[in-house]
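First up is the structure itself, then whatever we jot down about it.
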Amino acid sequence: MGVFVYLPLVLPLTALPIARLAEQHLHPRRAARLLTTVAVILASCSLLCLGLLVVVGTAQLPGNPLPDGWSDDEVREAVPHDAFAGKASILALVVVTGACGSIVHRHFRFRARAHRALRGLGGADGIAVLPDATPYAYALPGSPGKVMVSTGMLASLEPAEHRALFAHERAHLAGRHHRLLLATRLAGCVNPLLWPLVGALVYSTERWADEEAARVTGDRRLTARAVGKAALVARPVPGGAVFAAFATAGPVPRRVAALLGPVPPDRGWPPALTPAGAAALVAAAGATVSALSSLNAAVALFLVLKAATPL
Amino acid sequence: MNAERAGGERETPARRRGQGELEAQVLSVLGEASEPVTAAWVLERLDADLSYSTVITILTRLHAKQAVTRTGRGRPVLWEPVANEAGLAALRMRRLLDKQSDRDAVLSSFVSVLSSHDEDLLRSLLAESGPDDTGAPSGRPER
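Protein sequences, first through last, are from chains R and H. So in our numbering the end of the first sequence lands on 1284, straight run, no missing numbers. So in our numbering the end of the second sequence lands on 145, straight run, no missing numbers.
Structure (structure tokens):
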């Protein structure tokens, strides 16, 4: 196994450039799919290697539950310098499993509760209007999914802007963005180096829904205005947790600016010589190397254990 | 009917669901009234076989949820709805939405939080986006 078992644990670093650059140079739909794919591949390889290290680590423990042959001296010699890493990875796997379980559990619990709260609301169009002065609008995934919007939000937008709002939320449901987000959150849990991809994906899915809304309404400026006005009325009470004072523009102004600009080109793969193209290549290469080396490590460990286990 | 069927199997979830339905029923009865009414008035018009104290309990619970208001000094206490069934759903939803970490794990919000810098930027972007901002629903740009 040697170094190959550790490579997939650090190779998620190759996905960081594309997380930074995807939003600027890729169509949001392609960016979202690319980010999710890369995150899932890198996380799976990470998890596989963590599992391999756990097997190695367990072999070092006296009284381990593995077959006797697995903790032979031979095996220990074949997997040197893994004593500490092996034991550490047992702990890591427990933490990762717990965190992923908690994410999935909370996801479905929230969905169930929200659907229960909305029972009886929302007509054939799947729009549930909630009498609430606080302006909010959300897409609630499910079968069927629902768009819930407060009267406070509706009151602050023009009728034409309502169409943009509904089209945006429906695009979230139709594109099943919650699945992409859940998969990437789990990936970020498996390997924390992948966390920046979650933020990038949240932004990409919002932009994707914005573009859909612009396409449905046929008016980019109208959609931009709906997003901008909604953000201005939905601003939190003073003293709330705001990540303010960053020099760069936050996500909403960037979305509005993108909507006021031209339709993003929907080409297959960004040209290799652009920064985004290079970043995409780096991420693809990282995912490939990660897959190969985790496979290599898995085969190596399998052979060692097979040789050690009396059949 | 529904409560009857569910009541035999599992005690707690069925009862909780029953409570939600009773609250909705009480609210809809209150919605028929044109003025603040007493609990006895509600009990008379309720379609369910409930005791007076149950109605009081439900009303008190609705009061805690800020779905009804109580007026009348001393006796009798008068009740008035502030929200109908949709309003009750809104209250439940707000309680859910207030748990930010859970909410963010599932829902895609239409807009995220703005910093003050964002706010200025956004206002200038919207101002640039055109003078057709002034309320005309068919605000198509003229070219």
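We treat Cβ as the ideally placed atom computed from N, Cα and C, and that holds for glycine.
- DSSP, read as helix, strand or coil, puts R:A1112 in strand.
- Across the stretch 55-82 of chain H, no CB contact with chain R closer than 8 angstroms is found for any residue.
- Checking the DSSP bridge columns, you'll see R:I1100 partnered with R:V1120.
- The contact set of R:E1185 on chain H, defined by CB atoms closer than 8 angstroms, is empty, because the minimum CB distance reaches about 12 angstroms.
- Counting only Cβ-Cβ distances below 7 angstroms, H:R94 has contacts in chain R at A1090, in chain order.
- For H:T71, the closest alpha carbon among the candidates H:P78, H:E82 and H:T62 is that of H:E82.
- Put simply, the backbone Cα of R:S1266 is about 13 angstroms away from that of R:I1014.
- Proximity of R:H1151 to chain H, defined by a Cβ-Cβ separation below 8 angstroms, is satisfied.
- Checking the DSSP bridge columns, you'll see H:S110 partnered with R:A1112.
- Below 8 angstroms, too few C-beta pairs join the stretch 49-64 of chain H and the stretch 1070-1080 of chain R to call them touching: fewer than three.
- The straight-line gap separating the alpha-carbon atoms of H:A129 and R:A1110 is approximately 24 angstroms.
- Within chain R, no C-beta atom comes nearer than 7 angstroms to that of H:E25; the closest sits roughly 12 angstroms away.
- Taking the CA atoms as reference points, R:G1030 sits about 58 angstroms from H:I60.
- Pairing H:L80 with H:T40 gives a Cβ-Cβ distance under 8 angstroms.
- For the pair H:S111 and R:T1178, the CB atoms are not nearer than the 8 angstroms cut-off.
- Under the 8 angstroms Cβ criterion, the stretch 981-993 of chain R counts as touching the stretch 1008-1022 of chain R, having at least three qualifying pairs.
- For H:W81, the enclosing beta strand (DSSP E) begins and ends at L80 to P83.
- For H:A88, the nearest CB of chain R lies under 8 angstroms from its own CB, placing it at the interface with that chain.
- Within chain R, no C-beta atom comes less than 8 angstroms from the C-beta of H:D100; the nearest is roughly 10 angstroms away.
- In the structure shown, the three-state DSSP call for R:R1193 is helix.
- Between the stretch 87-98 of chain H and the stretch 1177-1192 of chain R there are fewer than three inter-stretch CB-CB distances shorter than 8 angstroms, so the stretches are not counted as touching.
- Spatial neighbours of R:E996 in its own chain (CB-CB distance under 8 angstroms, excluding positions within 5 residues in sequence) are listed in chain order as A1004, A1173, Y1176, S1177, R1180 and R1227.
- For R:V1069, the three-state secondary structure derived from DSSP is helix.
- Contact check for R:V1163 against R:V1200 fails: the beta carbons are separated by 8 angstroms or more.
- Against chain H, the CB of R:V1229 has a partner CB under 8 angstroms away; the residue lies at that interface.
- Boundaries for R:T987: no alpha helix (DSSP H) harbours it, and the DSSP string shows neither H nor E there.
- As computed with DSSP, H:T62 is found in no beta bridge at all.
- When the Cα atoms are used, R:H1080 and R:L1195 turn out to be separated by approximately 33 angstroms.
- Contact holds between the stretch 1141-1151 of chain R and the stretch 1114-1125 of chain R, because three or more Cβ pairs, one in each stretch, are under 8 angstroms apart.
- At least one CB atom of chain R sits nearer than 8 angstroms to the CB of H:E121.
- Among the residues of chain H, those whose CB is under 9 angstroms from the CB of R:D1105 are G89, A92, L93, M95 and R96, following chain order.
- Judged by DSSP in its simplified three-state form, H:T71 adopts strand.
- In the structure shown, R:V1277 adopts helical secondary structure according to DSSP, grouped into three states.
- Here H:V39 is bridged, per DSSP, to H:W81.
- In the same chain as R:S1263, and ignoring 5 residues on each side of it, the C-beta atoms closer than 6 angstroms to its own belong to P981, L984, L1015 and C1018, in chain order.
- Close CB contacts of H:S118 within its chain, under the 7 angstroms cut and outside five residues either way in sequence, are absent.
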